[in-house]
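Input: a single structure, listed below in structure tokens.
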Amino acid sequence: MEIHPLFLSSILLIIFSGSITALFDPDEVVMTTTLGQLRGVELEQSYAFLGVPFAKPPVGQLRLQVPRPVDPWTGILNATEKSAGCMQYCVQPPEGCPDRISEDCLYLNVWVPKTGRTDYPTMIFMHGGNFRDGSGTALLYDGRILAQDADTIIITINYRMEAFGWLFMGDVFDPATGQKEPIANHGLKDQQMAFKWAKENIAELGGNPNKITISGQSAGAQSVGVHLVSEVSKDLFDQALMFSNPYTLPFKLLDDGIALATGVANLIGCDNVYDFECWRAVPADELLAASKEASDIIYNPNEILQIFEAWSPAVGPGTELPEEVVEVNQRGGAQKKPTMLGTVREEGHTFIWGIFKNDLGNLQYRVFIKILFPPWYRDIMDLYPPYRSQDADQREILSDACTDFMFYCPSINVSLSMIDEGRYEDYYFYVLDSPWSFEEKWTEDNLMCWGNVCHGGELPYIFRTGPLANVSYTEGELEMMNHFTAYMSNFFHTGDPNIPGTPELKEKIANLKGRRPHWPKMREKPGNFYTMYLDDCGGNSVLTNYRGKYCDLFNQIGYYKIPRLNSIDEALYISDMDEFDVIKKRSAGCQCNVNNP
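Taken in order, the sequence shown gives residues 1 to 597; the numbers are from full-length UniProt numbering.
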């Protein structure tokens, strides 16, 4: 297949060819960090420093401890290959998984444009994966092309997952340190350590340490949301970008955290959940297996949404989060930093098809809504009426409700709360509606996404990594992707998706094919909110109060707290767990849903 040319790729190289070697010696790509020198590699599109240590290996006595600073080294450390990913069972497509795993995994990757500037912005990206899998080393997140096309330094990071990074027991005595230590949110602290590395070292690569954007998708976006309300993180970054934040999913409270930790401890043979010598003596693969097995159990029927995210950041004692992120935003308490955020059109498909492997009947759909939202059953039925046929599959309707309740509406709610209560207006919201055309990547496991933009569907467009995975983009996809890259690039450089950071970018963006409307702030005019709707049909447009009536209902219901189930059997009664075998075919032509709000 022919690979389409990528936005700005060759043009930037030609324009700045005279300054390409300004940062590095032509024969050796070496940078000096605060800890020592690193040898990188020159790629066709950018310079790369791969497998850069930002914390000591969290192994042995450092397991279940906060990350420790790396010791300085002498000589030049090779940073030419990516590290292992953190301990996990990766269930994502191969492009989203690490090629190997290890408990020694706290490394980051850096891609630097070849344009020879001294004031690059930086984007730090945190992968998604339910705090259970994924890696900054994955091919999907390779930053070489985005660095070039956005004229931005790109950093991807690893952070600990499963019990290794998200065990929550509060403040407890740790014999390894001889004092009380917080057993909570070690994965978040890994991220903060990576931010600190960037803040201290990015100038050596031509970066501006006061122009750092933290970003993430799914669980990575949830992490960004936490850092936006964290006093510990506030001075480590300047802007935020969230792709598909499931704000509705609740974080872990102490009782639930201890229950899950006890489940893991029982499986690894630790009679006392607080016996850290026992925890640290268990081989990493055995701890991983126990972490997965224990987290498959629902310990608290009142937190049924934890079926989607058993491991997560913790709220309460021993954490920097006294309350849920949504609540902090609703009272206007998040940090006042330029923020871009958004969702894809069918976020709910992945979750709903994950629960209901076979068709969801009319009665099952009604029972499901009745159990979860009894006081609002009629209201939800009015807004999300089932298909009339008793034999029709209702999963698409339920997916629409899931997308609104878990992703779109709470994201709108927290942003408008910060604007209205926090009196800070620099929020920009998008919805992306561009289904993949990558026929090579479709399997029976993801056929429900054929013709839809499922959770994670934006990632090949963000990092522009299609060519690295041997797939090509259609003309419509390429056009949409170029505009999305332009908006992001502007945001990285200026904090405004409409204002280019350099004259060269301004000129090239002006010549892009297709519609690229002005992206208004969410509250550009009082009384309304605005959404940039990005699609692959050449119809990028600004929508006013998009899905407002649906969000009005969920704002009234509230987020992340749903009524208690009488028993787990109620949930299992609805769900038939047989394998999904329905092949959904995509009809020809564009499938833009902007007229179906």
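Cβ coordinates follow ideal geometry from the N, Cα and C atoms, glycine included.
Asked	Found
Backbone CA spacing between Ile500 and Ser541 [nearest angstrom]	Note that residue 500 is Pro in the sequence shown here, rather than Ile. So the two alpha carbons sit approximately 19 Å from each other.
C-alpha distance - Gly476 paired with Ser223, whole-angstrom precision	32 Å
Whole-angstrom distance between Ile258 and Asp382, CA atom to CA atom	40 Å
For Phe429, the residue or residues it bridges with in DSSP	Leu341
Sequence-distant residues of the same chain with beta carbon closer than 6 Å to Cys278, five excluded per side	Cys270
Simplified DSSP assignment, three categories, for Pro375	helix
Whether Leu260 touches Ser218 by CB criterion (8 Å)	no
Beta-carbon proximity list for Asp379, same chain, < 6 Å, skipping 5 on both sides	Leu553
Buried or exposed (CB count within 10 angstroms, at least 16 for buried), Glu346	buried
Enclosing beta strand (DSSP E) for residue 610 [first to last residue]	No information on residue 610 is available, as it lies outside the stretch 1 to 597 that the chain covers here.
Same chain, Cβ closer than 6 Å to Asn329, five either side skipped, listed in chain order	Val414, Ser417, Met418
Distance, Ser489 Cα to Ile14 Cα	Note on Ile14: pLDDT 26, under 50, position unreliable in the model; no value is reported.
Residue(s) in a DSSP beta bridge with Trp111	Ala48, Ile154
Chain D within 8 Å of Ile380, Cβ atoms only	Absent from the structure is chain D; it holds one protein chain and no more.
The region 364 to 379 touching the region 453 to 469, judged by at least three CB pairs closer than 8 Å	no
Where Leu64 falls, given that 16 or more other Cβ within 10 Å makes a residue buried	buried
Three-state secondary structure (DSSP) of Met418	helix
Beta-bridge partners of Gly220, as assigned by DSSP	Beta-bridge pairing links Gly220 to no other residue.
Pairwise C-alpha distance: Trp73 and Phe243	37 Å
Environment of residue 607 [buried if 16+ CB atoms lie within 10 Å]	With the chain covering only 1 through 597, there is no way to say anything about residue 607.
Distance, Tyr533 Cα to Cys409 Cα	15 Å
Local conformation of Thr485 per DSSP, three classes	helix
Neighbourhood of Arg144 by C-beta distance below 7 Å, restricted to the same chain and skipping five residues each side	Leu43, Gln45, Ser46, Ala48, Trp111
Rounded distance between the beta-carbons of Tyr487 and Pro503, thought under 8 Å	No, Pro503 and Tyr487 are not in contact; Cβ-Cβ is about 18 Å, not under 8 Å.
C-alpha gap between Phe173 and Pro317, whole angstroms	14 Å
Test item: CB-CB of residue 605 and Thr156 under 8 Å	The question about residue 605 has no answer, for the chain in this structure spans 1 to 597.
Extent of the continuous alpha helix (DSSP H) to which Asn201 belongs	186 to 201
Span separating the alpha-carbon of Gln92 from that of Gly129	8 Å
Endpoints, alpha helix (DSSP H) assigned at Tyr550	548 to 557
Inter-residue spacing [alpha-carbon to alpha-carbon] between Phe429 and Tyr530	7 Å
Per DSSP, cross-strand counterpart(s) of Glu346	Cys454
Pair within 8 Å by beta-carbon distance, Leu205 and Ile153	yes
Pro526, buried or exposed, once every other Cβ within 10 Å from all chains shown has been counted against 16	exposed
Whole-angstrom C-beta distance between Pro69 and Ala84, which should lie under 8 Å	With 8 Å as the limit, Ala84 and Pro69 do not qualify as a contact, their Cβ atoms being about 20 Å apart.
Boundaries of the alpha helix (DSSP H) in which Gly165 is found, first to last residue	162 to 166
Exposed unless 16 or more other CB atoms sit within 10 angstroms - verdict on Thr118	exposed
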